[in-house]
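Numbering-wise, this note's numbering puts 38 at position 26 of the sequence shown, and it's gapless, one number per residue.
Even for Gly, the Cβ is constructed at its ideal location relative to N, Cα and C.
Please read these numbers as outputs of a predicted model, since none were measured by experiment.
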Amino acid sequence: MKKACIEAIKARICYDSRGNESIEVDVKVNSFIGRACAPKGASTGKYEAVDFNPKGIEASLKLLSDYSSKLIGFDASDPYSLSQLLREIDGTENFSRIGGSMAYAISMATAEAFSKSKGIPLYKMLLPNGPYLMPYPLGNVLCGGKHAGPGAPDIQEFLICPLGVKNIREGLKINIAVHKEVRKQIEKKDPYFTGGKGDEGGWAPYVKDEEAFELVSSASQIVSDVFGVDIKLGVDFASSSLWNNNEKAYIYNRSKVKRSPGEQLDFIMELVNKYHLIYLEDPFHEEAYDEFAELTKKLSKVYIAGDDIFVTNTYRLLKGIKMKAGNAAILKVNQAGTLGDALNFAENARKHNYALITSHRSGDTSDAHLAHIAIATKSKMIKSGVVGGERLSKLNELLRIDEELSGCGMAKLEV
Ligand code: PGA
Ligand code: ZN
């Protein structure tokens, strides 16, 4: 049988949802084209793969011609060995030579081209024997922090999870209903609300954190009563953005509050009790393994997810596992750089019973690969906003997959 090899690679500059430049790559395998365009974060972790060569996106593009001959003819069936090759070609820890965006786009486009050449969907190519379960949609309904303007809350993301739903279609419907209801609640408080949204499509009102919790909580309650479905709240503190290392404190500028690590812990416990939160992402900054561990000891039935602290890096995750820091991990393929590295991270997380949450970036593209990655990695949740074309491209893909599988059960949550 003819081996499925990379036959051609072409890269170009495209734009992400914030209008920033990104790298898109076409890879040809057995005459089938796979295409991927890299997303880009704003509240990035210190240890994640960097997007481009320090000389800029053009430098990353130009370099491709130097090493493309090493990729042409390479086996397209194995994302792990392709990752290895890309790491060898790059020669740095964080893809700062060829650019993480290039590594991402080459590895993802190759996987897509290979799966097309075999006539199977990407999630089945990556997880041939199942089981296939739908991740719960974790939807951002209110934005703050680095994803919104200076009047919005300090906390980056106010999230909802439709715990009580039976299938993904119902899940999306509920999240969209809450998103709409949050707007109504905001307008009750501020009749001049402009309808402004943050980068991930959640509303960006002029409110402080506490008011934002109240707005999202009452909107969820209203929708929950209408649909008779349990809806829970979560939050991404994106604490590395709040942390001031000189002051050794979390600075909540808009609320004019400064919290020591101990006060941050108390604040989190208060919020969990008051709003019945089931999901806490980056409650502490990216070096705070000890504080993550302390919180994990205090809370059961709450996902404590590491994003900036683990940065989809297996080494950093294994340290967390050893210290019992958190019990869940965000999976962002472009943080790792390549699909193979991200899959390796996911395997380690699952092996140690860390729940996976496959996630978009604040600057995303209209690619739908995220839906396939979430299913293939047996993620418990998918974080991909609620509205906006670049968010719905992934969520709508879940609906198509659900249809193809003739209805697929939801992942089993432990909250
Ligand atoms: P980013 O934020 O994509 O801007 O890094 C998303 C997140 O922190 O989860
Ligand atoms: Zn995050």
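Spatial neighbours of THR206 within its chain, please: CB distance less than 8 Å, with the 5 preceding and 5 following residues excluded, ordered by chain position. By 1-based counting over the sequence shown, the position of residue 206 is 194. Excluding residues within five positions, none has a Cβ falling inside 8 Å.
Among LYS244, GLU402, GLU60, nearest to PHE107 - alpha-carbon criterion: Stepping through the sequence shown from its first residue, residue 107 is reached at position 95. The residue with the shortest Cα to Cα distance from PHE107 is GLU60.
When ARG373, ILE333, ASP237, ILE321 are compared against ASN32, the one with the closest alpha-carbon: Within the sequence shown, the letter at position 20 stands for residue 32. The candidate whose alpha carbon is nearest that of ASN32 is ARG373.
Do three or more CB pairs link the segment 87-104 to the segment 341-359 at distances below 8 Å? yes
The ligand PGA and GLY156: does the residue's C-beta get closer than 7 Å to at least one heavy atom of that ligand? If you number the sequence shown from 1, residue 156 lands on position 144. GLY156 Cβ: outside cutoff for every heavy atom of the ligand PGA.
Could you tell me whether the Cβ atoms of SER81 and ALA16 are closer together than 8 Å? As a position in the sequence shown, residue 81 is number 69, starting the count at 1. As a position in the sequence shown, residue 16 is number 4, starting the count at 1. For SER81 and ALA16, no; Cβs fall outside 8 Å.
Integer-rounded CB distance, given that ILE369 should sit under 8 Å from ILE342: Counting from 1 along the sequence shown, the entry for residue 342 is found at position 330. Counting from 1 along the sequence shown, the entry for residue 369 is found at position 357. Confirmed, about 5 Å.
What is the rounded straight-line gap between the Cα of MET13 and the Cα of ILE321? Counted from its first residue, the sequence shown places residue 13 at position 1. Counted from its first residue, the sequence shown places residue 321 at position 309. Because MET13 carries a pLDDT of 49, less than 50, the predicted location of this residue cannot be relied on, and the following value inherits that uncertainty. One C-alpha to the other measures close to 44 Å.
Distance between beta carbons of CYS155 and LYS209, contact taken as under 8 Å: Reading the sequence shown from its first residue, position 197 is the one you call residue 209. Reading the sequence shown from its first residue, position 143 is the one you call residue 155. 7 Å between Cβ atoms; contact.
Distance check for GLY131 and SER253, CA to CA, integer angstroms please. Here residue 253 corresponds to residue number 241 of the sequence shown, with the count starting at 1. Here residue 131 corresponds to residue number 119 of the sequence shown, with the count starting at 1. Cα-Cα distance, rounded: 43 Å.
Would you mind stating whether LEU307 and ILE290 have Cβ atoms separated by less than 8 Å? On the sequence shown, residue 307 is found 295 positions in, with the first residue counted as 1. On the sequence shown, residue 290 is found 278 positions in, with the first residue counted as 1. No. Outside cutoff.
Select from SER232, VAL39, PRO133 the residue whose C-alpha is nearest the C-alpha of ASP242. Translated into positions along the sequence shown, residue 242 becomes position 230. For the residues SER232, VAL39, PRO133, the minimum Cα distance to ASP242 belongs to SER232.
Which residues in the same chain as LYS220 place their Cβ atom closer than 8 Å to its Cβ, once the five residues preceding and following it in sequence are excluded? Taking the sequence shown and counting its residues from 1, one reaches residue 220 at position 208. Closer than 8 Å at Cβ, skipping near neighbours: PRO165, ASP166, ARG266, SER267.
With a 10 Å radius around its C-beta and 16 neighbouring C-beta atoms as the bar for buried, classify ARG328 as buried or exposed. For the purposes of this step, residue 328 is taken as residue 316 along the sequence shown, with counting starting at 1. Flag for ARG328 reads buried.
By how many angstroms is the C-alpha of PRO203 removed from the C-alpha of VAL153? By one-based count along the sequence shown, residue 153 stands at place 141. By one-based count along the sequence shown, residue 203 stands at place 191. Approximately 19 Å between the Cα atoms of the pair.
heavy atom of the ligand ZN below 7 Å from GLU298 C-beta: The sequence position of residue 298 within the sequence shown is 286, counting from 1. The answer is no for GLU298.
Assuming HIS381 and ALA48 are in contact, meaning their beta carbons sit under 8 Å apart, how far apart are those beta carbons, in whole angstroms? As a working mapping, residue 381 is identified with position 369 in the sequence shown. As a working mapping, residue 48 is identified with position 36 in the sequence shown. About 6 Å; that satisfies the 8 Å criterion.
Apart from the five residues on each side of it in sequence, which residues of its chain come closer than 6 Å, Cβ to Cβ, to ALA20? As a working mapping, residue 20 is identified with position 8 in the sequence shown. These residues qualify, in order along the chain: LYS40.
Quick check on this structure: which residue in VAL269, VAL427, CYS420, PRO51 has the alpha carbon closest to the alpha carbon of PRO143? To locate residue 143, count along the sequence shown from 1; it is residue 131. Taking only the C-alpha atoms, the option nearest PRO143 is CYS420.
Span of the beta strand (DSSP E) around VAL153: Your numbering for residue 153 matches position 141 in the sequence shown. Note, VAL153: beta strand (DSSP E), 148-155.
Check the DSSP bridge columns for TYR262 and list the partner residues they point to. As a working mapping, residue 262 is identified with position 250 in the sequence shown. Answer by DSSP bridge pairing, in chain order: TRP255, ARG271.
Looking at C-alpha atoms only, which residue of ALA423, LEU311, LEU411 is the closest neighbour of LEU389? Mapped onto the sequence shown, residue 389 falls at position 377. Just to set this straight, residue 389 is Thr in the shown sequence, not Leu. The candidate whose alpha carbon is nearest that of THR389 is ALA423.
Residue closest to ALA340, alpha-carbon to alpha-carbon, out of VAL427, GLY68, ALA115: Locating residue 340 in the sequence shown gives position 328, where the first residue counts as 1. Out of VAL427, GLY68, ALA115, VAL427 has the C-alpha closest to the C-alpha of ALA340.
Mind listing, in chain order, the continuous alpha helix (DSSP H) runs of no fewer than 4 residues lying wholly within the segment 64-137? 69-83, 91-102, 112-130
With DSSP as the reference, label LEU382 as helix, strand or coil. Within the sequence shown, the letter at position 370 stands for residue 382. Residue state, collapsed to three classes: helix.
Nearest-angstrom Cα separation, counted from LYS128 out to ILE316: Here residue 316 refers to the residue found at position 304 of the sequence shown. Here residue 128 refers to the residue found at position 116 of the sequence shown. Cα to Cα, the separation comes out at about 36 Å.
Report all residues from its chain with a CB closer than 8 Å to the CB of LYS286; omit the five preceding and five following residues, and keep chain order. Residue 286 sits at position 274 when you count from the first residue of the sequence shown. Cβ neighbours of LYS286 beyond the five flanking positions: PHE225.
How would you label SER418, buried or exposed, when you count the other beta carbons within 10 angstroms and need 16 or more for buried? The residue you call residue 418 lines up with position 406 of the sequence shown. Exposed, because fewer than 16 other Cβ atoms sit within 10 Å of the Cβ of SER418.
Which residues in the same chain as GLY213 place their Cβ atom closer than 7 Å to its Cβ, once the five residues preceding and following it in sequence are excluded? Working through the sequence shown from its first residue, we reach residue 213 at position 201. For GLY213, where only same-chain residues beyond five positions count, the Cβ hits under 7 Å are ASN152, GLY397, VAL398, VAL399, GLY400, ARG403.
Write down the C-beta distance between ASP63 and GLY111 rounded to the nearest angstrom, noting that I regard them as a contact closer than 8 Å. Counted from its first residue, the sequence shown places residue 63 at position 51. Counted from its first residue, the sequence shown places residue 111 at position 99. Correct: roughly 6 Å between the Cβ atoms.
To which residues of the same chain is GLU409 closer than 6 Å at the C-beta, ignoring the five residues directly before and after it? As a first step, residue 409 is located in the sequence shown; it is residue number 397 there, counting from the start. Only ALA380, ALA383 meet the Cβ criterion.
Counting C-beta neighbours from all protein chains within 10 Å, is the total for GLU303 16 or more, i.e. buried, or is it exposed? Along the sequence shown, one-based indexing puts residue 303 at 291. Under this definition GLU303 is a buried residue.
Put ALA367 into one of helix, strand or coil per three-state DSSP. To locate residue 367, count along the sequence shown from 1; it is residue 355. Strand at ALA367.
In chain order, which continuous runs of the beta strand (DSSP E) of length 3 or greater are located wholly inside the segment 286-372? 291-293, 315-318, 340-343, 367-371
What I want to know is whether the C-beta of GLU293 ends up closer than 7 Å to one or more non-hydrogen atoms of the ligand ZN. By one-based count along the sequence shown, residue 293 stands at place 281. Flag set: Cβ of GLU293 near the ligand ZN.
May I have the straight-line CA-CA distance separating TYR27 from LYS158, to the nearest angstrom? Here residue 27 corresponds to residue number 15 of the sequence shown, with the count starting at 1. Here residue 158 corresponds to residue number 146 of the sequence shown, with the count starting at 1. Cα to Cα, TYR27 sits roughly 20 Å from LYS158.
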